[in-house]
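Some notes on the structure that comes next.
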């Protein structure tokens, strides 16, 4: 038996004996493949995971040598080698139970028995990925440790009054000494078995540890158990699994004791309505840092969890988050399926308030623009505490909703000095007290400005007084009228003017990027050159942050400053050089000549860059897709990374909105077209609606509008909005008929068949698909013919004509294979599995589903994979093979959970029904 072990030292074990692997890089490659078991991992991803930003010379060849060694190590006498090469990358194809990480996850999938959870915990052999270094390994270790802790808590909580688990819980508490849920489980068991003194002693010890290390008291749940134990009232009741959405606190947070005390005092205030704390203050004053720090500190007081959203109220691009979008996100986090979310905001808000009723939760609404953006997100339950941050005072919230204002002033001099000590060290601050005082004064005691000043000091290594000299020489300080925002602009300008000219130009251009973040490649396109060293320079100056490997983000105030510079500034030299008209900025080239760049020119470069890669990335997803109606002018020549859409789709949606607003209608439509497959494959149907709605609202002509309505209708069907689907598809069909576009009409009829099926009109669905087939045949469109044949076959299954369905779907499969449409072939195989299932030919159905899975895994279509696994489980259950059904559904559940898909609940119910 072949095993791969990750939860400790990385090992290959064959027949109980470890296989020698001398090179740590080979073990790292094995781990990088095993994590994505059964899915292709590209060479670029493997190189990034193993070597971070310092790959060896000839990295592809070095990687191949490690792959060769791994294939030799994984080879057994009686089975094929599980490490194979696919077009999309390398695949490790093993039973998930052969890898301890995946076995651990299967065993810990709730509801899991105590025995299963204990078995899962016993799989750990020490530090996971022991001996493997690098950013990727460090990140996954953090995630796995949390999963282990969650499993430990679930195991301990499920133990009830079984005293035999006490030693195991105590051993885990030695590893997680501040884990309050573990301590709570131990107290329950001890109290339930009459060991009250031990339970109370454990509570006292934990209370001391929490105060010493975190400056906090035990959370509400432990406090309840403590009181119950004192009163000999038995164990406390179980709580729901909490929702944890809070961001990571700012490192080195300091000061703000008065504001923290005010927030602390409000938690337990009796109230008939929600308690709202409106934290207001100017940009850069530290509102978010305070709110997140405090929320993390008191998180245990809210045992049902914490919700968080950044409302982007002061986004420099004007893209404040619609509260409807925020409501949809919250409803999803609270367990509402996508199709169950109402369409209108009022109904969403009512459902949201209902779901929060009776829950003890914390809601953090960050960076609000105005009360109207906040009100739909306010819970109605007095058990829920809401914190709102905003640059504005939100006075009407105080008046109408009873909010308690917490207005942040500038930091005190002592708090500012404490921040600098955290960043620069106490000795360096103490060595130049006068310079420190002057820096604090010139930074307006704003945390953001002080952080930038500290970064500059660390970067230069020069005495702090030299920074004062630079600041004193700034003529812009004459603009200082005591307004903190004006003062912080001085500090920003100080950092900006210390940049090299190329880095300064990139900073200005970043102000024109739609966000939310930017890749190195996109930055290259912005400047038409190598941006990486310039991004490094900007990061060192604290003017941007690499928040994920290879991706950079600007604080909203810095983004606004960069956008301002892009309109008015030129080079970071003397003020006399500042020139340029509104909407235009200039750079000085190597010959000293000035070249003007308009915002439209920059946007055109961005559109060219993103569209070229998006088109190529979409071709990877669907190589035989119908030709694009409005062709892309420039196509990316290489092969984009497989996860490119995952990293960039939020940027593409923002860019699409910017393109439409600025008159780039064709490009807005093209972006919707390029995104469509990715959004569909990943179940991101609300984003798909948004993309095509933008295309509908800004059509270039009737052809563009027709295709936009068609795709809106398709996604309406997915969201079960069948009335909307019928309306949009009807408009699409009318436009296609007006243009005499037979292929467009055929697509519309195929989509209308789904509406008929949803209404229970199965014969009507069959008629629509047969009409589509005739139109495709008339136009000679073979791919359309194959797709329509498959749809006809599916309809035949629904009306009970299963033998006819087999023949029809085989015809579809033959054409799909002939034209090289692998996704279409997988769809036909899936339909053949469905037909065989209903004919009682379960072995044939399983075979067709397994063939489908082989194709979709190679293509990387994870939603399709989960959908087929769900039907495979149905077949296994019908055949009486319950273990196989559970295994298929568990794999489907794992995928849907990773995708955050609402259908995960349906599959979880199927698994539970087997027990």
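In the numbering used here, the protein residues as written are 786 to 1700.
Don't be surprised by glycine CBs; every beta carbon is placed ideally from N, CA and C.
First through last residue of the alpha helix (DSSP H) which encompasses residue i
i, result
"residue 975", "965-977"
"residue 1636", "1627-1644"
"residue 1332", "Here residue 1332 belongs to no alpha helix (DSSP H); instead the beta strand (DSSP E) covers 1330-1333."
"residue 798", "Residue 798 -> not in any alpha helix (DSSP H); beta strand (DSSP E) instead, spanning 796-799."
"residue 852", "844-859"
"residue 1619", "1607-1623"
"residue 1452", "1450-1466"
"residue 1435", "1429-1446"
"residue 1653", "1647-1663"
"residue 959", "951-960"
"residue 1222", "1218-1227"
"residue 1117", "1108-1118"
Collapsed DSSP secondary structure at residue i in the structure displayed
i, result
"residue 1359", "Here the model assigns residue 1359 a pLDDT of 35, short of 50, so the residue's position is not dependable, and the following value carries that caveat. Of the three classes helix, strand and coil, the one that applies to residue 1359 here is coil, per DSSP."
"residue 1091", "strand"
"residue 1420", "coil"
"residue 1128", "coil"
"residue 874", "strand"
"residue 1304", "strand"
"residue 1268", "Residue placement at residue 1268 is poorly supported in this model, since its pLDDT is 44, which falls under 50; the coordinates still yield a value, given next. Of the three classes helix, strand and coil, the one that applies to residue 1268 here is coil, per DSSP."
"residue 1383", "strand"
"residue 1029", "strand"
"residue 1538", "helix"
"residue 809", "helix"
"residue 1576", "helix"
"residue 1691", "helix"
"residue 1285", "coil"
"residue 1409", "coil"
"residue 826", "strand"
"residue 1152", "strand"
"residue 898", "coil"
"residue 1367", "In this predicted model, residue 1367 has a pLDDT of only 30, less than 50, meaning its place in the structure is not dependable enough to derive any value."
7 angstroms Cβ shell around residue i - same chain, five flanking residues per side excluded
i, result
"residue 917", "795, 809, 812, 813, 816"
"residue 1315", "1309"
"residue 1097", "1104, 1105, 1106, 1152"
"residue 1559", "none"
"residue 1503", "1470"
"residue 1111", "1094, 1096, 1162"
"residue 1398", "1421, 1425, 1429"
"residue 1530", "1518, 1521, 1522, 1560"
"residue 1331", "1324, 1337"
Those residues which DSSP pairs with residue i across a bridge
i, result
"residue 1191", "1064"
"residue 884", "789"
"residue 1338", "1330"
"residue 1321", "Beta-bridge pairing links residue 1321 to no other residue."
"residue 915", "794"
"residue 869", "876"
Span of the beta strand (DSSP E) around residue i
i, result
"residue 789", "787-790"
"residue 804", "802-804"
Whether residue i touches residue j by CB criterion (8 angstroms)
i, j, result
"residue 1550", "residue 1573", "no"
"residue 797", "residue 789", "yes"
"residue 826", "residue 874", "yes"
"residue 1689", "residue 1699", "no"
"residue 950", "residue 941", "yes"
"residue 1302", "residue 1336", "yes"
"residue 1544", "residue 1507", "yes"
"residue 1164", "residue 1138", "yes"
"residue 958", "residue 971", "yes"
"residue 1457", "residue 1476", "yes"
"residue 823", "residue 1642", "yes"
"residue 1403", "residue 1608", "no"
Own chain, CB closer than 8 angstroms to residue i, minus 5 neighbours either side, in chain order
i, result
"residue 1708", "Look at the range of the chain in this structure, 786 to 1700, and you will see that residue 1708 is not part of it."
"residue 1113", "1126, 1133, 1471"
"residue 1074", "1034, 1035, 1038, 1232"
Cβ-based neighbour list, residue i, same chain, cut-off 6 angstroms, excluding 5 preceding and 5 following
i, result
"residue 965", "1004, 1007, 1085"
"residue 1095", "1151, 1152"
"residue 742", "In this structure the chain extends from 786 to 1700, so residue 742 is not present and cannot be described."
Short CB-CB distance (under 8 angstroms) between residue i and chain C
i, result
"residue 1181", "Absent from the structure: chain C. Only one protein chain is present."
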